[in-house]
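K.L.:
I have a structure I would like to understand better, so I am pasting it below and will then ask my questions one at a time.
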Amino acid sequence: MDISGQFLQLLLTGLTLGSIYSLIALAVVTTFSITGILNMAQGEFVAIGALLAASLCAAGMPLGAAFLVSVLAVAALGGLLERAAIHPARRASGLTLVIITIGVSISLRGLALLIWGTEPFSLPAFTKGGPLFVGGAAVSPQSLWIFGLAAATLAGLYAFFELTYAGKAVKACVINRTGARLVGINPNTMSFLAFAASGALGAAAGIFIAPLTLATYDMGFMLGVKGFVAAIIGGLNNVGGAVLGGILLGILESYGAGLVSSGLKDALAMIILIVVLLVKPEGIIGTINARKI
Amino acid sequence: MKKPMKNITLTSLVIMVAAGLLLSGCTSGKDAGNKAGVANEPYKIGAVVDISGNSSSLGLPERDTLLMQVEKLNAGGGINGHPVELTILDNKSDETEAVLAVKKLIEQKVLAVLGCSASGTSMAMINTVQNEKVPMISMAAASTIVEPVKDRQWVFKTAQSDIVTVKKIIGYLKEKGITKVAFLYMNNAYGDGGKKVFINEAAAAGIEIAVEEKFEASDKDMTPQLTKVKSSSAQAAIVWAIPPSASIITKNFRDIGLSIPLIHSHGVGNQSFIDLAQGAADGVILPIGKLTVASQIPDSDPQKKVLLGYIDDYTKKYNTAPNSFGGYAADALSLLVSAIQKAGPDRAAIRDQLEKTQNFTGVSGVFNISTQDHNGLGEDSMVLVQIQNGQWKLLK
Numbered sequence: 001m002d003i004s005g006q007f008l009q010l011l012l013t014g015l016t017l018g019s020i021y022s023l024i025a026l027a028v029v030t031t032f033s034i035t036g037i038l039n040m041a042q043g044e045f046v047a048i049g050a051l052l053a054a055s056l057c058a059a060g061m062p063l064g065a066a067f068l069v070s071v072l073a074v075a076a077l078g079g080l081l082e083r084a085a086i087h088p089a090r091r092a093s094g095l096t097l098v099i100i101t102i103g104v105s106i107s108l109r110g111l112a113l114l115i116w117g118t119e120p121f122s123l124p125a126f127t128k129g130g131p132l133f134v135g136g137a138a139v140s141p142q143s144l145w146i147f148g149l150a151a152a153t154l155a156g157l158y159a160f161f162e163l164t165y166a167g168k169a170v171k172a173c174v175i176n177r178t179g180a181r182l183v184g185i186n187p188n189t190m191s192f193l194a195f196a197a198s199g200a201l202g203a204a205a206g207i208f209i210a211p212l213t214l215a216t217y218d219m220g221f222m223l224g225v226k227g228f229v230a231a232i233i234g235g236l237n238n239v240g241g242a243v244l245g246g247i248l249l250g251i252l253e254s255y256g257a258g259l260v261s262s263g264l265k266d267a268l269a270m271i272i273l274i275v276v277l278l279v280k281p282e283g284i285i286g287t288i289n290a291r292k293i
Numbered sequence: 294m295k296k297p298m299k300n301i302t303l304t305s306l307v308i309m310v311a312a313g314l315l316l317s318g319c320t321s322g323k324d325a326g327n328k329a330g331v332a333n334e335p336y337k338i339g340a341v342v343d344i345s346g347n348s349s350s351l352g353l354p355e356r357d358t359l360l361m362q363v364e365k366l367n368a369g370g371g372i373n374g375h376p377v378e379l380t381i382l383d384n385k386s387d388e389t390e391a392v393l394a395v396k397k398l399i400e401q402k403v404l405a406v407l408g409c410s411a412s413g414t415s416m417a418m419i420n421t422v423q424n425e426k427v428p429m430i431s432m433a434a435a436s437t438i439v440e441p442v443k444d445r446q447w448v449f450k451t452a453q454s455d456i457v458t459v460k461k462i463i464g465y466l467k468e469k470g471i472t473k474v475a476f477l478y479m480n481n482a483y484g485d486g487g488k489k490v491f492i493n494e495a496a497a498a499g500i501e502i503a504v505e506e507k508f509e510a511s512d513k514d515m516t517p518q519l520t521k522v523k524s525s526s527a528q529a530a531i532v533w534a535i536p537p538s539a540s541i542i543t544k545n546f547r548d549i550g551l552s553i554p555l556i557h558s559h560g561v562g563n564q565s566f567i568d569l570a571q572g573a574a575d576g577v578i579l580p581i582g583k584l585t586v587a588s589q590i591p592d593s594d595p596q597k598k599v600l601l602g603y604i605d606d607y608t609k610k611y612n613t614a615p616n617s618f619g620g621y622a623a624d625a626l627s628l629l630v631s632a633i634q635k636a637g638p639d640r641a642a643i644r645d646q647l648e649k650t651q652n653f654t655g656v657s658g659v660f661n662i663s664t665q666d667h668n669g670l671g672e673d674s675m676v677l678v679q680i681q682n683g684q685w686k687l688l689k
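Quick note, the sequences are listed as chains A and B, same order.
Here the first sequence is numbered in my numbering, starting from 1 and rising by one per residue.
Here the second sequence is numbered in my numbering, starting from 294 and rising by one per residue.
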């Protein structure tokens, strides 16, 4: 493989990695936009979705059915957690709520450890067949599925927030909770729906990536952190920014590992997070500061 | 509106600190003592095993084997009439937890400590057992666990050292006329140990390392590292890792369309490597203890009887075939029991007795431990196998 082939391969790998981060960042951003809460348990939704689907598949359920059941189950779990842990503390400060989600994250990981143990689980690829070759670089069909899911999710969320009445209602909640209440929007219902949706999105992401990365009870932690970094880079309440942040992070990691040193990979995400927070805390295309109330 | 921004920055920093704290956890223990009314005082043995975390694929069969062997031992009257009380602690594949666990065991006055499963966690305990003068038998691979012997007086190990594996691989490369290789390893004590020995031995054998790359145990995609292999002129790739990362790199290796031979270390000697790689493992060549191919080795082999006996016991109890890691645990316990039998319940005497072990036929090989070699296994303890259709096949 020549040098341009190598660059292309790293780019494709980075795009796959970046799409994974984008999906998690999208879920983080959705919850944040609606409720103002940074959900640190997002990674655990990914892990539980992947593990559940792997178990259902191993028990003989077709992949499509396993996907649907897992996504619905994790959505229900997300909603349940919102009612059990977030709702009772809804008048607390943002920081308290974030700490609650960290607690939820630890509990979920413990639960996953009890149910599935420490062994990794595998899930079959969605489509059979070997890698496709683009200009000398290989890309696995599963990566294409992940690109597809990221693109579809981005389009869906964008359409929801910008084009639908419900989406606008959701945005109203985060801009002014009291104002939204006055015009008949119930922020409590919105918060419940946001957690259920991020559960579903997280589980879908987990199931799409499991054929490539395997599913383990502790896979969610690092993915959650990376998704969080991607969301910060993108500006936390901007779905386009989350995808851009995720892809940027994935590509930087891939080039960092492939061209400089593989030890640099995880450090890079943290360095980027610190730099973005110091230099441009509103995110590269964030709008938090620009908004005038 | 400046204020909310500050909050987000603050929140993010708090989260980063909290994330760091999340990496630690809690302890779990398991006792397998004999509760029957035996008059003799029980002999206490401790074990620190990587039951959860990244090395759990090694630690779980080891824990199961230890529990099984101790039960069998106590049913047969224990050691010289004394029942054995085994305490197994989980180190969660974490070096700090391993040190805490071994200190806890020493406080409980154990005669000796077995463990750990991985090289990194084993290395972490060495300082403590050396200072406290407690015999320790590791079940991990890195040669540095027992070398240099003068600084490792109290440390022994049952897994074949990297050097044995490396020599087996170099022998294969020479036989095939391969002179340029790529070397990929896990960024931990196991991978690092393998790398150091391989670099030395390869240089001595005139084999050039065209690409040298590492990856993290928790990495999900090693395509960037393999890209370098693909653009090099390496004639074979050698990977020093354990599952799940070893399985992922094997999948990536096939996905990226590399067609050179892929050689793994004995770290992938368990069924979960094959299962997790989902077909990508076919064609992989590796040196391994004889356990996985016990039925294929000739009857004249001195280990055959021990191997079949262990496989039979394990399969009956757990309904699944044992792997090499369980074998390391079985040998660690047998070596210790045999030493206690002769030396009695005295730490120093047990250490001296372990060092005198000769011609001890175990699951992992025939042990000849000496004052120079605290492992005692030679090249004859391993065979080369190839994975074919998800099965281990002895390479003739």
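Note that beta-carbon positions come from the ideal geometry of N, C-alpha and C, so glycine has one too.
(1) Give the single residue among B:G486, B:P595, B:L353 and B:N373 whose Cα lies nearest to the Cα of S436 of chain B.
(2) Out of B:Q453, B:G470 and B:T585, which one is the CA nearest neighbour of E672 of chain B?
(3) In the DSSP assignment, the alpha helix (DSSP H) including Y483 of chain B goes from what residue to what residue?
(4) The beta strand (DSSP E) that contains Y704 of chain B, what's its start and end?
(5) Apart from the five residues just before and just after Q651 of chain B, which ones in its own chain have a Cβ nearer than 7 Å to its Cβ?
(6) Less than 8 Å between the C-beta atoms of G619 of chain B and D357 of chain B, yes or no?
(7) A257 of chain A CB to nearest chain B CB: under 8 Å?
(8) Looking at the structure shown, is S431 of chain B part of a helix, part of a strand, or coil, going by DSSP?
(9) Which residues, in order along the region 616–639 of chain B, keep a beta-carbon less than 9 Å from a beta-carbon of chain E?
(10) Any contact of the region 468–475 of chain B with the region 637–645 of chain B, i.e. 3+ C-beta pairs under 8 Å?
(11) In the structure shown, what three-state DSSP assignment does V403 of chain B receive?
(12) Can you name the residues of chain A whose CB is closer than 8 Å to the CB of P537 of chain B?
(13) Would you please state the rounded distance, in angstroms, between the beta carbons of P211 of chain A and L278 of chain A? I believe it to be under 8 Å.
(14) Might you give, ordered along the chain, the residues of its own chain that have their beta carbon closer than 6 Å to the beta carbon of G240 of chain A, omitting 5 neighbours on each side?
(15) Quick check on L10 of chain A - is its C-beta less than 8 Å from some C-beta in chain B?
(16) Return the first residue and the last residue of the alpha helix (DSSP H) that A75 of chain A is part of.
(17) Below 8 Å, how does it come out for the region 266–283 of chain A and the region 38–51 of chain A: are there three or more Cβ pairs, yes or no?
(18) Starting from Q6 of chain A, find everything on chain B with Cβ-Cβ shorter than 7 Å and list it in chain order.
(19) Are the region 567–579 of chain B and the region 540–554 of chain B touching, with three or more C-beta to C-beta distances below 8 Å?
(20) Hey, is the region 500–519 of chain B in contact with the region 254–273 of chain A, meaning 3+ C-beta pairs nearer than 8 Å?
(21) Let me know if I633 of chain B comes out buried or exposed under the rule of 16 or more other beta-carbons within 10 Å of its beta-carbon.
(22) To test your reading of the DSSP string, which unbroken beta strand (DSSP E) runs of 3 or more residues are found completely within the region 93–156 of chain A?
(23) Less than 6 Å between C-beta atoms, sequence neighbours within five positions excluded: which residues of the same chain meet that for R177 of chain A?
(24) Just reading off the alpha helix (DSSP H) that P517 of chain B is part of, what are its end residues?
(25) When the distance is taken between beta carbons, is K521 of chain B closer than 8 Å to V532 of chain B?
(26) Quick test of your reading: A194 of chain A and T30 of chain A, contact by CB under 8 Å. State the CB separation rounded to the nearest angstrom.
(27) Does the CB of S140 of chain A have a neighbour CB from chain B at under 8 Å?
(28) Residues of chain B with CB closer than 7 Å to the CB of T13 of chain A, please, in chain order.
(29) Roughly how many angstroms separate the alpha carbons of K337 of chain B and M416 of chain B, rounded to a whole number?
(30) Kindly indicate which residue of A:L201, A:A230, A:L97 and A:N238 has the alpha-carbon position closest to the one of A76 of chain A.
(31) What residue from B:K443, B:V341, B:V439 and B:T458 has the CA that sits closest to K450 of chain B's CA?
(32) Assuming V659 of chain B contacts P595 of chain B under a Cβ cut-off of 8 Å, what Cβ separation, rounded to an integer in Å, is found between them?
(33) One question on the structure: do A527 of chain B and V474 of chain B come within less than 8 Å of each other, judged by their Cβ atoms?
(34) Using the three-state DSSP reduction, which class does A59 of chain A fall into: helix, strand or coil?
P.N.:
Here's the rundown:
(1) Closest by alpha carbon: B:G486.
(2) Ranked by Cα distance from E672 of chain B, the first of B:Q453, B:G470 and B:T585 is B:Q453.
(3) Per DSSP, Y483 of chain B belongs to the alpha helix (DSSP H) from A482 to A498.
(4) Residue numbering for chain B in the displayed model covers 294 to 689; residue 704 of chain B lies beyond these limits and cannot be assessed.
(5) The beta carbon of Q651 of chain B lies closer than 7 Å to those of N661 in the same chain, with the five residues before and after it left out.
(6) Yes, Cβ-Cβ distance for G619 of chain B and D357 of chain B is below 8 Å.
(7) Taking 8 Å as the CB threshold, A257 of chain A lines the interface with chain B.
(8) Reduced to three states, the DSSP call for S431 of chain B is strand.
(9) No chain E is present in this structure, whose protein chains are A and B.
(10) Under the three-pair Cβ rule at 8 Å, the region 468–475 of chain B does not count as touching the region 637–645 of chain B.
(11) Coil.
(12) Result: P120, L214 and T216.
(13) Not confirmed; about 38 Å, so no contact.
(14) Nothing listed; no residue qualifies.
(15) Closer than 8 Å: yes.
(16) Counted as a single uninterrupted DSSP element, the alpha helix (DSSP H) harbouring A75 of chain A occupies residues L63 to L81.
(17) Fewer than three Cβ pairs drawn from the region 266–283 of chain A and the region 38–51 of chain A lie within less than 8 Å of each other, which leaves the two stretches out of contact.
(18) Neighbours of Q6 of chain A on chain B, chain order: T520 and S524.
(19) Yes, they touch.
(20) Look at the beta carbons and you see the region 500–519 of chain B touching the region 254–273 of chain A: at least three pairs across the two are nearer than 8 Å.
(21) Per the 10 Å Cβ criterion, buried.
(22) Restricted to the region 93–156 of chain A, the beta strand (DSSP E) segments that are unbroken, complete and at least 3 residues in length are 132–134 and 137–139, listed in chain order.
(23) In the same chain as R177 of chain A, and ignoring 5 residues on each side of it, the C-beta atoms closer than 6 Å to its own belong to P187, in chain order.
(24) Run containing P517 of chain B: T516 to K523, per the alpha helix (DSSP H) assignment.
(25) The criterion of a C-beta distance shorter than 8 Å is not satisfied by V532 of chain B and K521 of chain B.
(26) That pair is a contact at about 6 Å.
(27) Residue contact check for S140 of chain A against chain B: a CB pair falls below 8 Å.
(28) Listed along chain B, the residues sitting closer than 7 Å to T13 of chain A by beta-carbon distance are D514, T516 and P517.
(29) About 23 Å.
(30) Checking every option, the nearest Cα to that of A76 of chain A belongs to A:L201.
(31) Of the listed residues, the one whose Cα sits closest to K450 of chain B is B:V439.
(32) Between P595 of chain B and V659 of chain B the Cβ distance is about 6 Å, and since that is below 8 Å, they are a contact.
(33) Yes. Within cutoff.
(34) Three-state result, A59 of chain A: coil.
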